[in-house]
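Please read the structure below before turning to the comments.
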Amino acid sequence: FQSTGANTVQCINYTKADGTGVVGGGNKRLYVMPTHDGGAALGSSQSFHDIVLADGATDSAYGTFAVPSDFVSLTKVECVVNADATGNMEALFLGGASASGDTSNSDQDTIAQTVYALTASQQNFIDVTAMADGLTLDANHMVGLEISRIGGDGDDTINNPVRVHLWVITYA
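The opening position of the sequence shown corresponds to residue -18 in our numbering, with each subsequent residue numbered one higher.
This is the structure we're talking about:
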């Protein structure tokens, strides 16, 4: 069994009376490709599609997914980025959720502008689960994800592009 929070558990695996093992439940993953706004550019590096967040500008990348029908709880949200140089990236993250009939932008959560230390040419899986902690999520919702790099901020010391490769959503 695995805890899913809120005083609930889910069955990960069990053995039937005839001795047959059954694996079920557990965490599952969604992989969400990023899209760009008018400011950020499409790019690629090392055979990976990416959205290029420029230095000296505020650029954004987005992701959108539908909550799966087997969704019980959110485990983790990660934004996968790769920097062209070592330094600090200044960024903010925004999550939003809505279902049919909901008012647009009525359910949002954020991670305020902060610094993320990145190493050049490494895949950096940034845990941004807090951007979705306050969202109401069920199988009738679609979810929007946003990273905005504030490349002109004095705390952003990379002085080169940051590339957004992927959003990884882990859920139970």
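Ideal Cβ placement from N, Cα and C applies to all residues, glycine included.
- prompt: Along the chain, where does the beta strand (DSSP E) that runs through isoleucine 150 open and close?
  reply: 143 to 152
query: What does a CB cutoff of less than 6 Å around alanine 111 pick up in its chain, not counting 5 residues either side in sequence?
result: Ile92
- prompt: How would you write the range of the beta strand (DSSP E) that glutamine 94 sits in, first residue to last?
  reply: Here the beta strand (DSSP E) through glutamine 94 covers 89 to 99.
message: Could you check if alanine 101 belongs to the surroundings of the ligand NAP, using beta carbon to heavy atom distance under 7 Å?
response: The ligand NAP is not among the ligands present in this structure, which contains no ligands whatsoever.
message: For the structure I just gave you, are there three or more beta carbon pairs, one from the region 108 to 127 and one from the region 75 to 95, closer than 8 Å?
response: yes
- prompt: What three-state label does DSSP hand methionine 112 in the structure shown?
  reply: helix
- prompt: Span of the beta strand (DSSP E) holding methionine 70?
  reply: Residues 68 to 80.
- prompt: Rounded to the nearest angstrom, how far is the Cβ of serine 129 from that of alanine 72, given a contact under 8 Å?
  reply: 6 Å
query: Which whole-angstrom value is the C-beta distance of aspartate 36 and asparagine 105, which I expect to be below 8 Å?
result: That pair is no contact at about 16 Å.
Proximity winner among Asp119, Asp(-1), Phe74, relative to proline 49 (alpha-carbon distances): With distances taken between CA atoms, proline 49 lies nearest to Asp119 out of Asp119, Asp(-1), Phe74.
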